[in-house]
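Using my numbering, the letters of the sequence shown map in sequence onto residues 32 to 405.
Yeah, the Cβ is synthetic: ideal placement off N, Cα and C, and Gly gets one too.
Encoded as structure tokens, the structure appears first; notes follow it.
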Amino acid sequence: MTPLRTITLREIEMPLREPFRISSGTTTHRRILLLQLTDADGLTVWSECVAGERPNYAPETIDTAWVVLERYVAGRVLGVPLPDPDGIAPLLARDFRGHNMAKAAVEMGLWGLESLRRGIPLARLLGGERERIEVGVSIGIQEDPGALVEKARKHLAEGYRKIKMKVEPGADVSWVRPVRQALGPEAPLMVDANNAYTLEDAEVLLGLDDLDLLMIEQPLAWDDIVQHAELQRRLRTPICLDESITGLDRARDMVALGSGRIINIKPGRVGGLGPSLAIHDFCRHHNIPVWCGGMLESGVGRAYNVALASLPGFTIPGDISPSRRYWDRDVVDPEWTMDPEGTMGVPLDRPGLGVEVDLDRVEALTVRSLILST
Ligand code: OSB
Ligand code: MG
Numbered sequence: 032m033t034p035l036r037t038i039t040l041r042e043i044e045m046p047l048r049e050p051f052r053i054s055s056g057t058t059t060h061r062r063i064l065l066l067q068l069t070d071a072d073g074l075t076v077w078s079e080c081v082a083g084e085r086p087n088y089a090p091e092t093i094d095t096a097w098v099v100l101e102r103y104v105a106g107r108v109l110g111v112p113l114p115d116p117d118g119i120a121p122l123l124a125r126d127f128r129g130h131n132m133a134k135a136a137v138e139m140g141l142w143g144l145e146s147l148r149r150g151i152p153l154a155r156l157l158g159g160e161r162e163r164i165e166v167g168v169s170i171g172i173q174e175d176p177g178a179l180v181e182k183a184r185k186h187l188a189e190g191y192r193k194i195k196m197k198v199e200p201g202a203d204v205s206w207v208r209p210v211r212q213a214l215g216p217e218a219p220l221m222v223d224a225n226n227a228y229t230l231e232d233a234e235v236l237l238g239l240d241d242l243d244l245l246m247i248e249q250p251l252a253w254d255d256i257v258q259h260a261e262l263q264r265r266l267r268t269p270i271c272l273d274e275s276i277t278g279l280d281r282a283r284d285m286v287a288l289g290s291g292r293i294i295n296i297k298p299g300r301v302g303g304l305g306p307s308l309a310i311h312d313f314c315r316h317h318n319i320p321v322w323c324g325g326m327l328e329s330g331v332g333r334a335y336n337v338a339l340a341s342l343p344g345f346t347i348p349g350d351i352s353p354s355r356r357y358w359d360r361d362v363v364d365p366e367w368t369m370d371p372e373g374t375m376g377v378p379l380d381r382p383g384l385g386v387e388v389d390l391d392r393v394e395a396l397t398v399r400s401l402i403l404s405t
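Structure representation (structure tokens):
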């Protein structure tokens, strides 16, 4: 690959249309780290770092990622001969532990650049086959069960193919049961606990078993593989791991131990698109369905998720909702949209990400920026 000449970091701030509450905290506005990678030929691509404002989902935050990109990642990729995109994650892994989200922001951008250079859509570079992907929605914890029923009903009517509800102790079985009763036995419902339970809560989690959920996402500790295996042995409903799967090795562990039967792949969490493809291929070989998770991304990060979700192993609708679900106005043109059947088009009409970034809008939202160069 052509060497990189600059990496520009930019923090933008965008208010969510509605607060998003998970068991470990609430987000009302996103602090988003956008990157621009420019190579020695002047080719430029945008990417996004998905780290949150606080370390309540993963250890990284936008502030740690900023420092790590500036001090440790940039120096490895700026002005040096680069391998193919597949080789970037290993390059960033050598004697460099953790910080997957910071690394992924650059790794993904380099896949984006490669697709531009080759003149093909990113989805095609990754091996995507679908022209449209199925869309799911992730609903934060609501004020009361009635509000949850109404939200879920509204989203199902809008066409979403999967309805994920965030749960926590006290807002679980007795909140989800009315949703099942209101929406009927065929509604594609699931829950995500973001680590709010322990094995001591097995009774409650077994209560979820009667609700015919597609899956229960990451009920136990954020870095656990062993106790989830114990829980999965007792549950009929498949467990889906999110937080615990930080790379291909953890996916292998999950299969070896039986800690879950489905994986939510978030490229940021696993260190980029190369590791995401490796997990996808491994899971396909082992008949483990995967789907693409979300981190309340702007339209930039969403472009990468859409491209990834077009791969054949992504057989379950992703947490890839249209721009309007999150923002009054997104930073990309065109914005991401969903049709009434709950699908989203994979941009295949041009090279790269398939959307343009509205630079004026990004500049108006920018809180800080930094240009890194050789
Ligand atoms: O656990 O999947 C999660 C958002 C932030 C942090 C963690 C999670 C989520 C979501 C959002 O569920 C999904 C989306 O982007 O729509
Ligand atoms: Mg999750």
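Asked                                                                                                                                                        : Found
At what residues does the alpha helix (DSSP H) containing Leu47 begin and finish?                                                                            : Segment 35 to 53 is the beta strand (DSSP E) holding Leu47; no alpha helix (DSSP H) there.
How is the beta strand (DSSP E) around His259 delimited, first residue to last?                                                                              : First-last for His259: 257 to 265, but that is the alpha helix (DSSP H), not the beta strand (DSSP E).
Counting only runs that start and end within the segment 114 to 181, where is the alpha helix (DSSP H) found for 4 or more residues in a row?                : 119 to 124, 131 to 149, 153 to 157
Take Ser146 as the anchor and find which of Thr37, Arg208, Ala334 has the nearest alpha-carbon.                                                              : Ala334
Run the CB neighbour count on Leu390, radius 10 Å, all protein chains shown included, and call it buried at 16 or more, exposed below.                       : exposed
Please name the residue or residues paired with Val99 in a DSSP beta bridge.                                                                                 : None; Val99 has no bridge partner.
What are the boundary residues of the beta strand (DSSP E) that Glu79 is part of?                                                                            : 75 to 80
Assuming Leu239 and Val210 form a contact by the criterion Cβ under 8 Å, report the distance between their Cβ atoms to the nearest whole angstrom.           : At roughly 12 Å, the Cβ-Cβ gap does not stay under 8 Å, so Leu239 and Val210 are not in contact.
Looking at the unbroken beta strand (DSSP E) that takes in Trp322, where does it start and where does it end?                                                : 321 to 323
In angstroms, rounded to a whole number, what distance separates the CA positions of Leu262 and Val362?                                                      : 42 Å
At a cut-off of 7 Å, is Leu327 close to the ligand OSB when judged by its beta-carbon and the heavy atoms of the ligand?                                     : yes
Are the beta-carbon atoms belonging to Gly349 and Met139 less than 8 Å from one another?                                                                     : no
Any beta-carbon of chain D closer than 8 Å to the one on Ser169?                                                                                             : Of the protein chains in this structure there is only one, and it is not chain D.
Which residues does DSSP pair with Met221 in a beta bridge?                                                                                                  : Lys195
Under 7 Å from any heavy atom of the ligand OSB, does the C-beta of Ser352 make it?                                                                          : yes
Going by the C-beta, is Asp223 closer than 7 Å to any heavy atom of the ligand OSB?                                                                          : yes
Note down the Cα distance separating Leu153 from Gly159, rounded to an integer number of angstroms.                                                          : 9 Å
Given that a residue counts as buried once 16 or more other Cβ atoms are within 10 Å of its Cβ, and exposed if not, what is Gly385?                          : buried
Could you work out which residue in Leu403, Val166, Arg281, Gly171 is closest to Gly190 when comparing CA atoms only?                                        : Val166
Whole beta strand (DSSP E) runs in the segment 247 to 318 with 3 or more residues, listed along the chain?                                                   : 270 to 272, 293 to 296
Less than 8 Å between the beta carbons of Ser54 and Lys197, yes or no?                                                                                       : yes
Should the segment 367 to 376 be called in touch with the segment 43 to 53, which here means at least 3 C-beta pairs below 8 Å?                              : no
Does the beta carbon of Glu189 fall short of 7 Å from some heavy atom of the ligand MG?                                                                      : no
State yes or no: is the C-beta of Asp273 nearer than 7 Å to some heavy atom of the ligand MG?                                                                : yes
Span of the beta strand (DSSP E) holding Ser400?                                                                                                             : 397 to 404
How many angstroms separate the CA atom of Asn131 from the CA atom of Gly118?                                                                                : 15 Å
State the CB to CB distance for the pair Leu279 and Val257, rounded to an integer number of angstroms; the pair is presumed to be in contact (CB under 8 Å). : Contact flag wrong, Cβ pair sits at about 18 Å.
Assuming His311 contacts Ser290 under a Cβ cut-off of 8 Å, what Cβ separation, rounded to an integer in Å, is found between them?                            : Not really, about 18 Å apart at Cβ, beyond 8 Å.
Would you check if the segment 353 to 367 and the segment 309 to 323 touch, i.e. whether three or more CB-CB distances between them fall below 8 Å?          : no
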